[in-house]
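K.L.:
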Amino acid sequence: MNIALCHYRVGETDGVSLEMDKWEKVLENMGHKVYFIAGSTGTSDGYIIPEMNYRFEEDLKIERNAYLKLEDYQDEDELIRAIKRQTLKIEESLKKILIENKIDLIIPNNIFSIGRSIPTAMAFVNVIKELGIRCIGHHHDFYWERVNFS
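Position one of the sequence shown corresponds to residue -3 (the numbering used here), numbered consecutively onward.
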């Protein structure tokens, strides 16, 4: 089976990167082919979708305005349009990677649970539904554990 492990970053010393390394070893020992998809890959090989990077400026701007204070956009409609633009960019890249590598199963890590990137979560939901790819959501960080997301 071709499996994609996904997060905002991989190949670093943060908890999610280390967990993804463990999953990769276990899944490969079971005979699966594993691919990393992230906003940055650190020391790991993988596919980079720059808009997923936790330091991507447009995403940080969306995050600030969605959770803290609406100040960089004229109104909520403009913020929603910005979210949709980012979502489409991520969708295009993600879909291309999944199709080219014939991914059977996608494992997003904390993408649906923390609220860190609204466009990333929306893109993953849309692509998973559109392509009918099986998904295991691996979550261990939650929005209620972070003041700025709850």
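Backbone N, C-alpha and C fix where the C-beta goes; we use that ideal spot for every residue, glycine too.
1) State the Cα-Cα distance for the pair I93 and V123, rounded to the nearest angstrom.
2) Relative to the alpha-carbon of E126, which residue among G38, E59, E87 and I58 has its alpha-carbon at the smallest distance?
3) Taking 8 Å as the limit between beta carbons, can you name the residues of its chain near I79, skipping five residues before and five after?
4) Contact between the region 0 to 7 and the region 99 to 115 is defined here as three or more beta-carbon pairs at a separation below 8 Å; is this criterion met?
5) Between C131, I(-1) and R81, which lies nearest to V22 when the distance is taken from Cα to Cα?
6) If distances are taken between C-alpha atoms only, which option among D41, M(-3), E53 and H135 comes closest to G111?
P.N.:
Let me spell this out:
1) 11 Å
2) E87
3) I58, A62, I114, P115 and M118
4) yes
5) I(-1)
6) H135
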